[in-house]
Structures are given as structure tokens and as C-alpha cells.
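Below is one structure, written out as C-alpha cells, with a few remarks after it.
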Amino acid sequence: MTSIATLGSHCALQVLKGAKDEGFKTILVCEKNVRSYIVDFNSLMN
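When the letters of the sequence shown are read in order and numbered with the working numbering, they come out as residues 58 to 103.
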């Protein structure tokens, strides 16, 4: 299965949502201080 990976940012959330909508697994890479914000969108990550 192909996965879509992106660096953590506001735009990354849109990329991950689109990837999930198309059935891809997702990977998000981010700094620790950004992680607390991104965890709110945990449903977009595998």
C-alpha cells in the first residue's frame, strides 16, 4: 500500500485529508512543539 507523507503545517492537514479520502495511508512529520496542535487532527493520520 502506498503512503502519503508530508511535513507538518496547516497545508499538510489538507494534504492528509485528501489522501485519506482517496484511501491512502498517511505519515506526518513534525517538530515536538507542533505535535500538540496536530494531535487534534489525529483522525487524519494512520
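Every residue, glycine too, gets a C-beta built ideally from N, C-alpha and C.
To the nearest angstrom, report how far apart phenylalanine 81 and isoleucine 61 are at their CA atoms.
-> About 7 Å.
With 16 other CB atoms within 10 Å as the buried threshold, where does leucine 85 fall?
-> It is buried - the Cβ of leucine 85 has at least 16 other Cβ atoms within 10 Å.
Going by the CB atoms, is the gap between valine 72 and threonine 59 shorter than 8 Å?
-> For threonine 59 and valine 72, no; Cβs fall outside 8 Å.
In its own chain, which residues sit with a C-beta less than 7 Å from the C-beta of alanine 76, not counting the 5 before and 5 after it?
-> Ile61 and Thr83
Who pairs with serine 60 in a beta bridge, going by DSSP?
-> Beta-bridge analysis with DSSP links serine 60 to Lys82.
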